[in-house]
Structure formats: C-alpha cells, structure tokens
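Have a look at the structure below before the remarks.
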Amino acid sequence: MNNVTEMSSDAVPMAAPALTSESLNNLLKITAPTGSVTVKGIATEVHYWKKPGGIRASKIYGRLGGLGDASIRFELQPYVSIQNNEPVILHGTLRIKPSEALRTTHEVILVGDKVGNWLPEDASQDDGRTKEALAPLARHQPRLTLEAAVARHGPSAVAFLTTDTAWQDLTNAASAVPAIVNCRHVVTNFMKPGCFIEDLLEVCRNPAIKVLVISRGGGGGLTAIGDSYEVAAALLASGRAFYTALGHDKDVLLLDKHADQAFATPSVLGQTLADAIRTVTEREALVERTRTLSENADILTRENAQLREQLAMLSGHAKGKTEYAAREGVRHYATGRHAPDTPPQTGRPANRYVLWALLVVVVFLVGRCSG
C-alpha cells in the first residue's frame, strides 16, 4: 500500500505577486568599488563627443575589453591620446548606471585618464596564463629646461606634488621669489602609486597647469613612486613638462630618467626655479621697457613728420607771398618808366633865388652904413 501524503490548499504559503523583468531591474542595487582603480585592456569604439554647436571635443568615450568576455565603458578627457585597438592602461573611478541594451541591466563606466600602454605577448607562462610585457616608456614632446618652461608658460602654470618636508625645503630655497608660494601645491602620498596618480590626474584636469614639479626627500620607500612604471607613464601621458627632485644627489630613479630635467635635492630645485623666475621677470621687464621706448620713438617720429609738413606748408605760403610782392613791385616799376613826363615846376626854385638876392643886397647895405 502506498502512503501518499497530501497537502491541503490551506497549507500552501501565499506567494508574493510575480515581478516583471523591468520591475526586478529597478530593485537591483549595484555599487561600485570605492576609491580609484587601474584597469588595462584593448580600447575599442573610441569616439570624441562635442557639445551641440561646439567646435572642440569635450569628452572621449569608448569601450575597454579584449582580455576576456567582459568589457566596460570609459570616459576620458579630450586631451588624451587614444586610438581604437590600442592596448591601454586607464586609471579612474567606476560608475554604475542602468542600461537599456539587450540582455543587459547595468553597465560599468570608468571615468578617469589614460596612464600608459602595455604590450601583450603570445608566450605563455607555465600556468597557462598569458604573459604580458609593459610597453616602453616614450616621450611625445621634446625636453624643456626649467627656465624655458617658466619662460613659455609663466610661474602661475607650475604645480607641485611634494611631501611636507620637501615643500618646506623648496620654498626656503626660493624665498627670494614669493610668487612660488601662490602656485598650485598638493601634498601627495609617495608610498601608494594609485593615490599619487589620482592626485596627478586631479591636477591635470586644470588646463592652465603646464608644468609639474615632483619632489620629496630621501628615506625609505623612495622607489615606490620614483621607480613606478605606472607613475612614469602617467606623467608622460599628461603632456606636461615635469621636473623631479627625489631623494639625494646619488639617487637616480625611473622618474629622473624620463623627466624634462632632474635635480639633486628639493633645495637645488627651489633655487633653480627662483633663478629662472627672476631671469624671466627681468627679461619681461626689459622687453616691456623696449616696447615703451619703441612706442615713444614712433610717437616722436610721427610728430616730427607733422612738424615737417607744417613747416613745408608755411614755407610755401611765405614763398607765395614773396613772389606776389616781387610781381607787384615789377609791375609798379614798369608802370613808372612808361608814365608820361610831368612838366617841371619852376615857380618855387625862382622864388628861392629872389630871396637870396634880396638878402645879399640887405647885407651889402648894412655893411655900407656901418662903414
């Protein structure tokens, strides 16, 4: 005999109302990891986005994948150099937002910057994983001396990423130039490359920053940033001239090798920077003085030309008057020569002779009477 257990309908629990896929999607709460991440992959679907009516691109969008089935979207700043099918290393923060794509509920977007490249190799390791080699660090613009960079961009375009001690040494050495204190300054973490790169990217979001100064003193952990491939790649990819003063004069690190100019200590860098700013300021003052003198010379030249024109005009008027007077004199002279002769007036000379004769007679008579 088979024992069959039957359940009454009253014993069945009441089920909740059935959900649709769309309503279920609205209930999902997916959070991204906190902080920043560094992700590598193959860039695809790269395109530049412009604002409506804009001329220049405002953002760069694309997809990062190529190392498996998964991929993420990325959003970069417009100055980044990136191409389709390029192996890149991106650094930034993750965002998750709902997606309306087929069979996809959410998508991950990395918002950040390109910090380097990598080279995939076909050779496999013993465990079967693909072996990957880092791409050689390449400079995309010629090196500039510190003085040339300050002359080209000005002191306000300089930003500092330093430790507290290095900043104090640097500013003490450059105390003769107070303008350095007003520059952008970030006290960053020289022990964690990820934190350093995050501060670097934040500084580079300001397009007015054209020169970077990386400085810290000696001590333990110097190579954490100084010999970091990711940090060197991020600095080179920033497109800014950068200068280093890491450790002591005997310390030569990876950043020093790729910097536009490396200095032995923060103090030496500060003194050199102060000299560069002073030289550039004096040169600008000389150029301004020369420009002022040139403008004054132009004004005097114009005034001299105006005076010459007035003198020529006055001389022309005077010459015209002289010629007119000469013509009038000649006309009067010619008129006098051809005028009819006037009869001589004989009456007055005759009377004068009569008076003289009478006077002689009177004198003679007086003389006779006296004798």
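Residues 1 to 371 (full-length UniProt numbering) are what the sequence shown spells out, left to right. Even for Gly, the Cβ is constructed at its ideal location relative to N, Cα and C.
Proximity winner among the options, relative to residue i (alpha-carbon distances)
{"i": "F242", "options": "R143, I82, A173, W49", "result": "R143"}
{"i": "K40", "options": "I72, M191, Q306", "result": "I72"}
{"i": "residue 417", "options": "L293, P78, A70", "result": "What is shown of the chain runs 1 to 371, which leaves residue 417 out entirely."}
{"i": "V111", "options": "L212, S81, A325, L76", "result": "L76"}
{"i": "A182", "options": "E202, M191, V158", "result": "As written in the sequence, residue 182 is Asn, which differs from the Ala given in the question. Selected option, being the one with the closest Cα: V158."}
{"i": "A232", "options": "P193, Q306, V177, P98", "result": "P193"}
{"i": "V186", "options": "A285, N304, L201", "result": "L201"}
{"i": "T44", "options": "E86, P52, R152", "result": "E86"}
{"i": "A208", "options": "T165, H153, G316, T188", "result": "H153"}
{"i": "F196", "options": "L358, V37, W356", "result": "V37"}
{"i": "R56", "options": "Y79, K250, L170, D199", "result": "Y79"}
{"i": "N172", "options": "D227, T265, N189", "result": "T265"}
{"i": "Q141", "options": "A357, R184, K210, H91", "result": "K210"}
{"i": "I42", "options": "I89, P52, Y61", "result": "I89"}
{"i": "L269", "options": "E282, T281, D249", "result": "D249"}
{"i": "D169", "options": "E288, D227, T272, G62", "result": "T272"}
{"i": "D164", "options": "R289, S215, L119", "result": "S215"}
{"i": "D199", "options": "P98, T162, A325", "result": "T162"}
{"i": "N84", "options": "H91, I60, G92", "result": "I60"}
{"i": "A151", "options": "T281, G68, A224, A166", "result": "T281"}
Delimiting residues of the beta strand (DSSP E) encompassing residue i
{"i": "V213", "result": "211-216"}
{"i": "A241", "result": "241-246"}
{"i": "I96", "result": "86-98"}
{"i": "V187", "result": "184-187"}
{"i": "L254", "result": "Premise fails: L254 lies in the alpha helix (DSSP H), 254-258, not in any beta strand (DSSP E)."}
Residue span of the alpha helix (DSSP H) that contains residue i, given as start and end
{"i": "V231", "result": "229-237"}
{"i": "A224", "result": "223-226"}
{"i": "L146", "result": "146-153"}
Three-state class that DSSP yields for residue i in the structure shown
{"i": "A173", "result": "helix"}
{"i": "Q125", "result": "At Q125 the pLDDT is 46, less than 50, meaning the model places this residue with poor confidence; the figure from the coordinates comes in the next sentence. Reduced to three states, the DSSP call for Q125 is coil."}
{"i": "I42", "result": "strand"}
{"i": "N296", "result": "helix"}
{"i": "R205", "result": "coil"}
{"i": "Y324", "result": "helix"}
{"i": "F263", "result": "coil"}
{"i": "V287", "result": "helix"}
{"i": "T279", "result": "helix"}
{"i": "residue 376", "result": "No answer is possible for residue 376: the residues shown for the chain start at 1 and end at 371."}
{"i": "T130", "result": "Below a pLDDT of 50, predicted positions are generally treated as unreliable, and T130, at 44, falls in that range; the measurement from the model is reported next regardless. Reduced to three states, the DSSP call for T130 is strand."}
{"i": "A159", "result": "strand"}
{"i": "Q168", "result": "helix"}
{"i": "S315", "result": "helix"}
{"i": "L273", "result": "helix"}
{"i": "P178", "result": "helix"}
{"i": "P193", "result": "helix"}
{"i": "R308", "result": "helix"}
{"i": "A357", "result": "helix"}
{"i": "R143", "result": "coil"}
{"i": "R302", "result": "helix"}
{"i": "V80", "result": "coil"}
{"i": "L200", "result": "helix"}
Residue i beta carbon near the ligand ZN (any heavy atom closer than 7 Å)
{"i": "D164", "result": "In the structure shown, the ligand ZN is absent, as is every other ligand, since no ligand is present at all."}
Spatial neighbours of residue i in its chain, beta-carbon cut-off 6 Å, leaving aside the 5 residues before and after
{"i": "A262", "result": "T244, D256"}
{"i": "R327", "result": "none"}
{"i": "G128", "result": "Any answer about G128 is weak, because its pLDDT of 42 lies below 50 and its placement is not dependable; what the coordinates show is given next. Excluding positions up to five away in sequence, the list is empty."}
{"i": "S238", "result": "C204"}
{"i": "V213", "result": "F160, Y243"}
{"i": "G247", "result": "G218, L222"}
{"i": "A274", "result": "A174, A176, V177"}
Close beta carbons around residue i, own chain, < 8 Å, minus the five adjacent residues each side
{"i": "P17", "result": "none"}
{"i": "R139", "result": "L236, H258"}
{"i": "D260", "result": "R143, L144, T145, L146, A149, A241, F242, Y243"}
{"i": "R33", "result": "For clarity, residue 33 is Pro in the given sequence; the question names Arg instead. Closer than 8 Å at Cβ, skipping near neighbours: L94."}
{"i": "V108", "result": "A32, I72, R73, L94, R95, I96"}
{"i": "Y229", "result": "G116, L134, L137, L254"}
{"i": "T58", "result": "The amino acid at residue 58 is misidentified as Thr; the sequence shows Ser. So the qualifying residues of the chain are W49, K50, K51, P78."}
{"i": "R63", "result": "A43, T44, E45, S71, I72, R73, F74"}
{"i": "T5", "result": "Since pLDDT at T5 reaches only 49, below the 50 mark, its modelled position is unreliable, and no value is offered."}
Residues bridged to residue i [DSSP beta-bridge criterion]
{"i": "Y61", "result": "H47, E75"}
{"i": "H106", "result": "P98"}
{"i": "V111", "result": "E75, T93"}
{"i": "S36", "result": "T93"}
7 Å CB neighbourhood of residue i in its chain, flanking five on each side removed
{"i": "A179", "result": "P155, I277"}
{"i": "T279", "result": "E147"}
Within-8 Å CB hit, residue i to chain B
{"i": "E309", "result": "In the structure shown, chain B does not exist; there is a single protein chain."}
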